[in-house]
Amino acid sequence: GYYHIKVTSGDCSVQDSVLISISKETNFSYIVNDKTITLTRIPPLSDQFSWDFGNGVTNNINPNPTYTFPNDGTYSVCLSGTGIPSNCISCANITVPGNYTGSTLGGVGIEQRVFGKQVVAITPNPATDQCLIQYPVEFVPERVVLTDMNGKQFSVHFTLSSDGCVVNTQLLARGLYVVMIDDGYNVLKSRLMLQ
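For what it's worth, the numbering used here labels the leading residue of the sequence shown as 410, then goes sequentially.
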């Protein structure tokens with residue numbers, strides 16, 4: 410917030426306003442696939458961290474873990490940092506089994522978009538160098554755009570194959586992306602995690 414400062418020395422005084430903004434160091438994104446959750450910390454990052462999966466299991470070794478819950482249910486998954494006040498801990502309620510994404514930055518996540526009676530599928534997901542996007546036969550993509558969690562868009566090169574389109578992701582940073590596939594009339598959306 411803004412702080413108003415007045416400094417006085419003898420008969421002289423100076424006033425100014427200063428904006429101080431504190432960046433939360435515990436935000437994260439998640440992908441839920443059945444009972445498995447893939448977690449990715451969102452910058453700025455705390456050097457020391459601790460994950461709490463909401464069922465008595467914790468992790469302070471892997472900064473971006475993948476965890477499979479043993480039972481169905483809703484779990485409060487939290488990320489905290491050493492020396493960070495308790496009101497700066499980020500948590501998300503995760504219901505498993507499920508198939509959705511989200512983040513502690515807000516919003517409700519990205520559901521896979523259904524086209525007719527078929528779902529857009531991306532494999533592998535999480536991906537590293539490339540992925541295959543499968544869609545209904547009647548859909549012919551003209552462009553593929555990936556949007557990162559900061560809103561930056563990347564129009565990516567793709568190659569059509571008999572199974573769908575192959576997208577090269579080698580040059581993109583790790584993280585969660587919204588995938589938009591456009592055929593000139595319809596836009597299909599899904600999500601992709603790059604590792």
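Using N, Cα and C, we set each Cβ at its ideal position, and we do this for glycine too.
These numbers were taken from a predicted model, which means no experiment stands behind them.
query = At what residues does the beta strand (DSSP E) containing Lys598 begin and finish?
reply = 596–603
key: Residues bridged to Val441 [DSSP beta-bridge criterion]   = Per DSSP, the beta bridge partners of Val441 are Ile446, Tyr509.
request  = Please confirm whether Leu514 and Ile451 have their CB atoms less than 9 angstroms apart.
outcome  = yes
message = If you measure between the beta carbons of Ser485 and Gly463, is that distance less than 9 angstroms?
response = With respect to the 9 angstroms criterion, Ser485 and Gly463 are classified as neighbours on the basis of their beta carbons.
inquiry  = Using a Cβ distance threshold of 8 angstroms, determine whether the segment 530–541 contacts the segment 458–472, with at least three qualifying pairs required.
reply    = These segments do not touch.
inquiry  = For Phe567, which residues in the same chain have their Cβ closer than 6 angstroms to its Cβ, ignoring the five residues on either side in sequence?
reply    = Correct list, in chain order: Val553, Cys574, Val576.
query = Closest to Ser489 by CA distance: which of Tyr509, Asp456, Thr475 is it?
reply = The option with the nearest alpha carbon to Ser489 is Asp456.
request  = Could you please give the first and the last residue of the uninterrupted beta strand (DSSP E) stretch that includes Ile451?
outcome  = Where Ile451 is concerned, there is no enclosing beta strand (DSSP E), given that its DSSP letter is neither H nor E.
query = So, Asn502 versus Thr483, is the Cβ gap smaller than 9 angstroms?
reply = yes
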